[in-house]
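Notes to accompany the following structure.
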Amino acid sequence: MTRGPSSPAEGGGKADVPQRIWPDALLAAHLLATDPHGFGGAVVRAGPGPVRERWLDGLRAALAPGTPWRRLPPGIGDDSLLGGLDLAATLAAGRSVARAGLLAETDGGLIVVPMAERLPPGIAARLAGALDTGTASERRARFGLVLLDEGEGDETVAEALADRVAFRIDLSGVGIAHCDAPAVAAVNTEVGTPEADPLGTLCRLAEALGIASLRGPILAARVARALAADGPIGTDAITAAARLVLASRATRLPAPEEAPPEETEAPPPPSEEDGPTDQATDPAPADAAEDRVLAAVRAAIPANLLDQLLAGGVRLSTAKAGRVGQPAAARTGRPIGSRRGDPRRGRLDPLATLRAAAPWQALRRAEGETRPIVVRRDDLRIRILRQRTETTTVFCVDASGSAALERLAEAKGAVELLLAEAYVRRDRVALVAFRGAGAELVLPPTRSLIRAKRGLSGLPGGGGTPLAAGIDAALTVALGVRRGGSRPVIVLLTDGRANVARSGEGGRARAGQEALQAARALRTAGVPALVIDTGARGEGARSVADAMAARYLVLPRADAGLLSAAVRAAL
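Below is the structure:
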């Protein structure tokens, strides 16, 4: 029996990380080539270069001859991806002729997805659905995905796709000098001590590593079965499967075992009546083997992931619209209709084109046309696409004065409600608080409910009201959001009674003038805003709302639900 290359010895410092990563990457490629759909695919985090190409070459070489290998084009439409009407064949035959899409054409093979971290949510959802069902438009489509992650920082592949593929390979720290190992190598056929409950062992390992999704241990079990081939699944196969599949999914480090209490008294000597004394007193072999597997998995956790886990958690990824933060091209979006136009300047709608041409067929045949279906330029219809832009709601909260606790409670509840809704809409929220002598960004734009709660729970109250500084800070955040391709909306919660100037000095007259100047600057920037008056008199906040051309609401004692509804109406 032969398998992919074995992993180096467990342990080692960071200096030998590339030497440990590359053999595992080759082993993952070998396994993926044997069953692309069963393993789902791989996320390969690496920029364009010889290392990534070497790995792709090794994967393609390991595939059986004739296995489909396709590359996902950017901006692909549903007709090309899932299948649809073959316009040329339909016009030639005079009847509707369907054609297979890219997914069905790749049945049994692999689809390479460049820049997978920028994949539109709609395409990602269609790929995930096809992976689950193995079909696309009622055609067989059992394929695997090679998701090339070229993101920087927090940019990562959508979790809906990453969770469905077995392997997550980080080649960003691997150099070409580490790629001398052969793509496939014969290894020791020993599988270690047979496991009585391999799936249970993998599930316990997943629980220890904080992996909530059941796909992790299920995919790891498939890997272990593939490594064991026709033999029993042993400790070595379990260790390799956990290292390849579970290590990169870890969200926490396994808790160390508690040291056994020291014995205060020596145990009594055994008597002859107790029977033979040569019985084994070591810990259960299964527990010892599981501990060794867990240690191997911990050693295989990627260095960057290990640093994040030690720091207190894994950060969630944020989506961006384009390579330079600009919105996606007008050729992408949700179809909402069609119109007459040039297909070179849009996406052709075949069905609408045929519907437009159908009433004229008899008249055109009377003019001498012999083709089954006659389509002219005036019949051509292109799709109208509505591109949805991500919205970021920037809360600017007045945390000053005696009523700060009440206002902060309202803001905290509203932000948490909006964040839950933003998770569904793929929108974000940010929080700016101003009090004392200035303003601070408490919560950068995020969709993470955990980060939001942490930022809100530590938000202090009391002190002066530097309203101008708060508006300036909110505008700075909003402009940064706009440069990133998102649509900003500012929600200002204040009573409008400014008493601290930008310089940090007190004085209502100067502070009020600067607040109105900041409000007019926000209006000039064209950022939509909503002012929620949390005071009892409602004079200062209204003048600020008028200066920034914002919608004005008086909610002195609003609960979180009413506040959330008001913000949704402003969006």
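Numbering (numbering that gives the first Met the number 0), first residue to last: 0 to 570. Ideal placement from N, C-alpha and C gives every residue a C-beta, glycine not left out.
| Along the chain, where does the alpha helix (DSSP H) that runs through Val-543 open and close? | That run of the alpha helix (DSSP H) goes 539 to 546.
| Per DSSP, Val-43 is paired with what? | In the DSSP output, where bridge partners are listed per residue, Val-43 has Leu-147 and Ile-168.
| said: Buried or exposed, going by whether 16 or more other CB atoms sit within 10 Å of the CB of Gly-505? | reply: Exposed.
| field | Range covered by the beta strand (DSSP E) that runs through Arg-70 | value | Per DSSP, Arg-70 belongs to the beta strand (DSSP E) from 68 to 70.
| request: Have a look at Ala-60 and Asp-471 and give me their C-alpha separation to the nearest angstrom. | output: Ala-60 and Asp-471 have their C-alpha atoms roughly 57 Å apart.
| said: Taking DSSP's pairing of strands, which residues face Glu-513 in a bridge? | reply: Its beta-bridge partners do not exist; DSSP assigns none.
| field | Anticipated Cβ contact below 8 Å, Ala-438 with Ala-468, distance rounded | value | The Cβ separation is near 4 Å, so the contact holds.
| Quick one: any contact between the region 83 to 99 and the region 115 to 132, if contact means 3 or more CB pairs under 8 Å? | Judged by Cβ distances under 8 Å, the region 83 to 99 makes no contact with the region 115 to 132, as fewer than three pairs qualify.
| field | Every unbroken alpha helix (DSSP H) inside the region 205 to 237 [4 residues or more] | value | If we require 4 residues or more, the alpha helix (DSSP H) runs fully inside the region 205 to 237 come out as 214 to 227.
| said: Can you look up Arg-94 in the DSSP assignment and give me helix, strand or coil? | reply: In the structure shown, Arg-94 sits in coil (DSSP, three-state: anything other than H, G, I, E or B).
| said: Going by beta-carbon coordinates alone, are Gly-40 and Gly-199 separated by less than 9 Å? | reply: In this structure, Gly-199 does not lie closer than 9 Å to Gly-40 by Cβ.
| Best match in Leu-347, Ala-176 and Asp-162 for proximity to Leu-213 [C-alpha to C-alpha] | Nearest C-alpha to Leu-213: Asp-162.
| request: Express the C-alpha separation of Asp-169 and Val-580 in angstroms, rounding to a whole number. | output: The first residue shown for the chain is 0 and the last is 570, placing residue 580 beyond what the model contains.
| query | Is there contact between the region 390 to 397 and the region 356 to 365, where contact requires at least three CB pairs shorter than 8 Å? | reply | No contact exists between the region 390 to 397 and the region 356 to 365.
| said: What ranges does the beta strand (DSSP E) occupy inside the region 433 to 510, keeping only unbroken runs of at least 3 residues that lie completely in it? | reply: For the region 433 to 510, the full-length beta strand (DSSP E) segments reaching 3 residues or more read 437 to 445 and 486 to 493 along the chain.
| task | Return the chain-ordered list of same chain residues with a C-beta closer than 6 Å to the C-beta of Arg-509, the five sequence neighbours on each side being excluded. | result | Annotation for Arg-509: Ala-500 place their beta carbon closer than 6 Å to its own, counting only its chain and skipping 5 residues before and after.
| Buried or exposed (CB count within 10 angstroms, at least 16 for buried), Ile-122 | In summary, Ile-122 is buried, with 16 or more beta-carbon neighbours lying within 10 Å of its beta-carbon over all protein chains present.
| said: Helix, strand or coil for Ala-571? Go by DSSP, reduced to three states. | reply: Past the edges of the chain, shown from 0 to 570, lies residue 571, and the structure says nothing about it.
| request: Name the one or two DSSP bridge partners that Val-431 has. | output: Residue pairing by DSSP places Val-431 opposite Cys-395 and Leu-440 in a beta bridge.
| field | Reduced DSSP category for Asp-532 - H, G, I as helix; E, B as strand; rest coil | value | Assignment of Asp-532 by DSSP, reduced to helix, strand and coil, places it in the strand class.
| query | Closest by CA to Leu-101, which one among Pro-64, Asp-348, Ala-140 and Leu-440? | reply | Distance check between Leu-101 and each of Pro-64, Asp-348, Ala-140 and Leu-440 places Ala-140 closest, using alpha-carbon atoms only.
| said: For Ser-337, list the residues DSSP reports as bridge partners. | reply: Answer by DSSP bridge pairing, in chain order: Arg-382.
| request: Below 8 Å on the Cβ atoms is my guess for Leu-201 versus Ala-240; work out the distance and round it to an integer in Å. | output: About 7 Å separates the two Cβ atoms, so the contact holds.
| query | Between the C-alpha atoms of Ser-485 and Asn-498, what's the straight-line distance to the nearest angstrom? | reply | In a straight line, the C-alpha of Ser-485 is about 33 Å away from that of Asn-498.
| query | Buried or exposed: which applies to Glu-389, given that a residue is buried once 16 or more other Cβ atoms fall within 10 Å of its Cβ? | reply | Buried, by the Cβ-count rule.
| query | Helix, strand or coil: which one does DSSP assign to Arg-163? | reply | Coil, per DSSP.
| task | Starting from the C-beta of Gly-503, find all residues in its chain whose C-beta is less than 6 Å away, skip the five residues before and the five after it, and write them out in chain order. | result | Result list for Gly-503: Ala-436, in chain order.
| field | Inter-residue spacing [alpha-carbon to alpha-carbon] between Val-374 and Glu-368 | value | Cα to Cα, Val-374 sits roughly 11 Å from Glu-368.
| query | Nearest-angstrom Cα distance between Pro-216 and Asp-426? | reply | If you draw a straight line from the Cα of Pro-216 to the Cα of Asp-426, it comes to about 31 Å.
| In terms of residue numbering, what span does the beta strand (DSSP E) encompassing Arg-550 cover? | Taken as a continuous stretch (DSSP letters only), the beta strand (DSSP E) holding Arg-550 covers 550 to 553.
| request: State buried or exposed for Ser-247, treating a residue as buried only when at least 16 other CB atoms are found within 10 Å of its CB. | output: Taking every protein chain shown into account, the CB of Ser-247 has 16 or more other CB atoms within 10 angstroms, so this residue is buried.
| request: Classify Arg-138 as helix, strand or coil using the three-state DSSP reduction. | output: Correct three-state label for Arg-138: strand.
| task | Reducing DSSP to helix, strand and coil, say where Leu-58 ends up. | result | Three-state result, Leu-58: helix.
| query | Do Arg-450 and Leu-442 come within 9 Å of each other at the CB atom, strictly closer than that value? | reply | For Leu-442 and Arg-450, yes; Cβs fall inside 9 Å.
| message | According to DSSP, Thr-390 sits in a beta bridge with which residue or residues? | response | Answer is Arg-486, bridged to Thr-390.
| Does the region 28 to 43 come close enough to the region 68 to 78 that 3 or more CB-CB pairs lie under 8 Å? | In this structure the region 68 to 78 does not lie against the region 28 to 43, because fewer than three pairs of beta carbons, one per stretch, are closer than 8 Å.
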